[in-house]
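Engineer:
Protein chains: 2
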Amino acid sequence: MKATDINLSKSATMGDVARAAGVAPATVSRYLNNPDVVSPKTKHKIDQAIRAMNYVPHAAARTLASKKSRMIGAIVPSLDSNLFAPALEAFQSQVSKAGYTLVVASDNYDAEQEFKHINQMVSHGIDALLLVGSSHDEAIYQLLKAKQIPYVLTWTTTPQEEHPCIGFNNKIAAANVANYLMDLGHTKFAMISNNIKRNDRAHKRLLGVRDALALRGLSMSDEYLVERPISAEQGREAFRLLMSRSEPPTAIICGSEPFAYGAIFESKHLGLEVPRDVSITGFDDMWLASLITPSLTTVRTPQQKVGALAADYLIAKLTGKDVALPTPLEVEIIVRESCAPPSKH
Amino acid sequence: MKATDINLSKSATMGDVARAAGVAPATVSRYLNNPDVVSPKTKHKIDQAIRAMNYVPHAAARTLASKKSRMIGAIVPSLDSNLFAPALEAFQSQVSKAGYTLVVASDNYDAEQEFKHINQMVSHGIDALLLVGSSHDEAIYQLLKAKQIPYVLTWTTTPQEEHPCIGFNNKIAAANVANYLMDLGHTKFAMISNNIKRNDRAHKRLLGVRDALALRGLSMSDEYLVERPISAEQGREAFRLLMSRSEPPTAIICGSEPFAYGAIFESKHLGLEVPRDVSITGFDDMWLASLITPSLTTVRTPQQKVGALAADYLIAKLTGKDVALPTPLEVEIIVRESCAPPSKH
DNA sequence: AATGCAAATGAAATCGCTTTCATTTTGTTT
DNA sequence: AAACAAAATGAAAGCGATTTCATTTGCATT
Chain E
581 MKATDINLSK SATMGDVARA AGVAPATVSR YLNNPDVVSP KTKHKIDQAI RAMNYVPHAA
641 ARTLASKKSR MIGAIVPSLD SNLFAPALEA FQSQVSKAGY TLVVASDNYD AEQEFKHINQ
701 MVSHGIDALL LVGSSHDEAI YQLLKAKQIP YVLTWTTTPQ EEHPCIGFNN KIAAANVANY
761 LMDLGHTKFA MISNNIKRND RAHKRLLGVR DALALRGLSM SDEYLVERPI SAEQGREAFR
821 LLMSRSEPPT AIICGSEPFA YGAIFESKHL GLEVPRDVSI TGFDDMWLAS LITPSLTTVR
881 TPQQKVGALA ADYLIAKLTG KDVALPTPLE VEIIVRESCA PPSKH
Chain B
581 MKATDINLSK SATMGDVARA AGVAPATVSR YLNNPDVVSP KTKHKIDQAI RAMNYVPHAA
641 ARTLASKKSR MIGAIVPSLD SNLFAPALEA FQSQVSKAGY TLVVASDNYD AEQEFKHINQ
701 MVSHGIDALL LVGSSHDEAI YQLLKAKQIP YVLTWTTTPQ EEHPCIGFNN KIAAANVANY
761 LMDLGHTKFA MISNNIKRND RAHKRLLGVR DALALRGLSM SDEYLVERPI SAEQGREAFR
821 LLMSRSEPPT AIICGSEPFA YGAIFESKHL GLEVPRDVSI TGFDDMWLAS LITPSLTTVR
881 TPQQKVGALA ADYLIAKLTG KDVALPTPLE VEIIVRESCA PPSKH
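Protein sequences, first through last, are from chains E and B.
Residues in the first sequence are numbered consecutively from 581, following this note's numbering.
Residues in the second sequence are numbered consecutively from 581, following this note's numbering.
1. Determine whether the Cβ of His697(E) lies closer than 8 Å to any Cβ atom of chain B.
2. Report yes if the C-beta distance between Ala920(B) and Ser870(B) is below 8 Å; otherwise report no.
3. Does Val684(B) have its Cβ less than 8 Å from a Cβ in chain E?
4. May I ask you to list, following chain order, the residues of the stretch 667 to 679 of chain E that have a beta carbon less than 7 Å from some beta carbon of chain B?
5. Under a three-way DSSP split, which group does Ala600(E) fall into?
6. For Phe819(E), would you say it is in contact with chain B, using Cβ-to-Cβ distances shorter than 8 Å as the test?
7. Counting only beta-carbon atoms, is Val636(B) nearer than 8 Å to chain E?
8. As a quick exercise: from Tyr731(E), Ile729(E), Asn750(E), pick the residue whose alpha carbon is nearest that of Thr737(E).
9. List, in chain order, every chain E residue whose beta-carbon is nearer than 8 Å to that of Met701(B).
10. For a contact defined as C-beta to C-beta under 9 Å, what are the partners of Ala665(B) on chain E?
11. When burial is assigned at 16 or more other CB atoms within 10 Å of the CB, is Leu793(E) buried or exposed?
12. Taking Cβ to Cβ, would you say Val550(B) is nearer than 8 Å to Val656(E)?
13. Using a Cβ-Cβ cutoff of less than 6 Å, which residues in the same chain neighbour Lys768(E) once the five nearest sequence positions on both sides are dropped?
14. Check whether chain B comes within 8 Å of Trp735(E), counting only Cβ atoms and requiring the distance to be less than that.
15. Could you spell out where the alpha helix (DSSP H) holding Val608(B) opens and where it closes?
16. Would you list the one or two residues that DSSP bridges to Gly653(B)?
17. Tell me which residues share the same chain as Pro744(E) and place their Cβ nearer than 6 Å to its Cβ, disregarding the 5 neighbours each side in the sequence.
18. Looking only at its chain, what residues have a beta carbon closer than 6 Å to the beta carbon of Ser875(B), apart from the 5 residues adjacent to it on each side?
19. Check whether the stretch 658 to 665 of chain E touches the stretch 664 to 678 of chain B, taking contact to mean three or more Cβ pairs, one atom from each stretch, closer than 8 Å.
20. Could you check where the alpha helix (DSSP H) with Tyr721(E) kicks off and where it finishes?
21. Closest to Thr878(B) by C-alpha separation, out of Ala754(B), Leu682(B), Thr681(B), Thr643(B), would be which residue?
22. Please list the residues of the stretch 839 to 871 of chain E that have a C-beta atom closer than 8 Å to any C-beta atom in chain B, keeping them in chain order.
23. Output the distance between the C-alpha atoms of Tyr841(B) and Arg816(B), rounded to the nearest integer angstrom.
24. Taking 8 Å as the CB-CB cut-off, is Asp585(B) touching chain E?
25. Give the secondary structure of Val732(E) by DSSP, where H, G and I count as helix, E and B as strand, and everything else as coil.
26. Does Lys784(B) pass the burial test, meaning 16 or more other C-beta atoms within 10 Å, or should it be called exposed?
27. Count the other CB atoms, across all protein chains shown, that sit within 10 Å of the CB of Thr899(E); report buried if there are 16 or more and exposed otherwise.
28. Runs of 3 residues minimum, wholly inside the stretch 733 to 796 of chain B: which ones carry the beta strand (DSSP E) assignment?
29. Can you list the residues of chain E that Ala600(B) reaches, using a CB-CB cut of under 8 Å?
30. Classify Arg880(E) as helix, strand or coil using the three-state DSSP reduction.
31. DSSP three-state label for Ser646(B), please.
32. Please name the residue or residues paired with Val886(B) in a DSSP beta bridge.
33. Step through the CB atoms of chain B and report whether any lies within less than 8 Å of the CB of Ala641(E).
34. For Leu822(E) versus Val806(E), is the C-beta spacing smaller than 8 Å?
35. Can you tell me which of the three DSSP states Leu898(E) falls into?
36. With a floor of 3 residues, list each beta strand (DSSP E) that falls wholly inside the stretch 838 to 878 of chain E, ordered by position along the chain.
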């Protein structure tokens, strides 16, 4: 770890190391990539030489020659978001543990940006790729297929098993929430959601809610669906809007948890009491859910698990192991204080 | 953007494009890197060929030949943290806007991991590097210097101008908070902080507080300094601990904002009222600060700005422009409800 | 038309590694 | 000790771009 003898001139190359160790470059390469096949004796010599010259392999050269970059890409909607950060952190941890380097980009829910980023990453030779959600340009899949790049879609499950996915069933999860609220006696629902068109998870959650309602002969008109960028602030506004309707909902299902926080905070400003006047649910179970007053009834999603499993899957795939895709992950409704039966008007 | 004619066999190389366009590979290279020097006529031919074959340059080959990877690295303590995410998002946005690809890693405040990641990134040929904080292994600086890799330290300022920094003065910011509280009449202080040894920002904030106190003849004993990993949950525990002292503090300065949230939530459990029974301050002004009850008096730090400026600086540096480092950024105390004069015993 | 100069292009070496194939060394078996 | 298979090593050909240097082309000028 001492860095006393850093060579200030040109960096040492594999050739330099080979010369110093008195072996051929090929042997150094083997030492690096497949140590088992080099004899202990030469292994030692090479080891010495590498340390002495502070040799660091030139990754681009390796990539060029081997067609493997030892980089894995991840494209998420946003880096600045509690929604993906835990998964990304877990992903990065696993990825780097396996000796890979992580390349990331955020696309702000914009398909064109995503496409651009993917092209850039592919050009850089990433060995595998993590994507969020299930709706991606067909060209992307074609590209990944053509280049034989393993990928995985996260936060989602494909019913048709078209693509490898690691996530949970958003539709069912949302349906469970709706059912829970209906069991409490609610009939007048509203939903605060991220953009339905651009965010397939949001879309599926909406479908889940609508299906569940339909099964019990209920429905939610479009007026009670408010689409917003994800943030607590937007949740506040959406809540105010919804509660100012002539016929306000008795239960508000938030497609993303920050909306729920915003709604709860805003309820205090409006002099409303949760859950007496209106029930609110979240989605994800972030740290604030249990601390806020009233604490939030929500569905807990396995965020780090998604990240870690995605990494494991891709790495296994790269290692040549044949991997079974994990079955859709479980989610769980965490019942806290923010829901109650609707008041008798 | 159509991907109808993806070549399923080997990807097209520059040679293929050259052949198709009836020019030399060198000319294609010029078209890509320095379009001004190729004639409009050939430019058109090459353009056609590239589209037709769906050619994507091989980044590793470019890197090898040009010694520029068009990748920029960033190492942050944690990806799963509201503290760095906004900056990182802004950084990534600028970086990719300039045509670079972002490589990230998190080191969990562990110097050894950081060193490992940097080596890996350097091996991958990153053109520039963002680091957080000011305390890094000397070997790192040597390596970056030897390889001539521009870098920037963020969230900090070096008084000695040893290294390029983009951030604010943590010491002064914390001192301001302490002064504000002393102005209110406080004399019995406590601080909840991240690990002082591993986190230089935390350390500087502590120094700022201590210095400010000293200037007014006050002090804070070590018993009133609680070091914890950054989270609201840890903030709760620390708060409970501090308030159970025989002589509890009247003001608690939180070195990171999640601590403050935890403290405020826990105060309710303990039947204490903020700010009547104890004043609390945060650090960063995250979204929750204005929504929580009581709203949090805190210091607002320019997070996106740090990320964006860091990117601008590095990119300018890479473009060969001579860049003036921005002066330390301003921070501002946002006075809200969580502080008040100490109660009369 | 001849001249000269700048602009545009091409040829070929090079970047640092991997990998195939051939060769040498080692160790085991008879 | 001979014979042979297995293990270890070496030689050399790429991988796909960039870049220097040389050459050709195009245009304006006389």
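Heads up, the beta-carbon is just placed ideally off N, CA and C, and yes, glycines get one too.
The model shown is predicted, which means the values in this text are computed figures rather than measured ones.
Structural biologist: Result, derived from the coordinates:
1. yes
2. no
3. yes
4. Leu668, Glu669, Gln672, Ser676
5. helix
6. no
7. yes
8. Asn750(E)
9. Thr681
10. Ser658, Leu659, Asp660, Ser661, Asn662, Ala665
11. buried
12. Since the displayed chain B opens at 581 and closes at 925, residue 550(B) lies outside it and no answer follows.
13. Pro829, Thr830
14. no
15. 605 to 613
16. Val683(B), Leu709(B)
17. Val732, Leu905
18. Arg916, Glu917
19. yes
20. 718 to 726
21. Ala754(B)
22. Tyr841, Gly842, Phe845, Lys848, Trp867, Leu868, Leu871
23. 8 Å
24. Summary for Asp585(B): the model assigns pLDDT 36, below 50, so the residue's position carries little reliability; its value from the coordinates is reported in the next sentence. No, Asp585(B) does not count as interfacial toward chain E.
25. strand
26. buried
27. exposed
28. 769 to 773
29. Under the 8 Å cutoff, chain E gives no residues; its nearest Cβ is about 18 Å from Ala600(B).
30. strand
31. helix
32. For Val886(B), which the question treats as bridged, DSSP gives no partner whatsoever.
33. yes
34. yes
35. helix
36. 859 to 861
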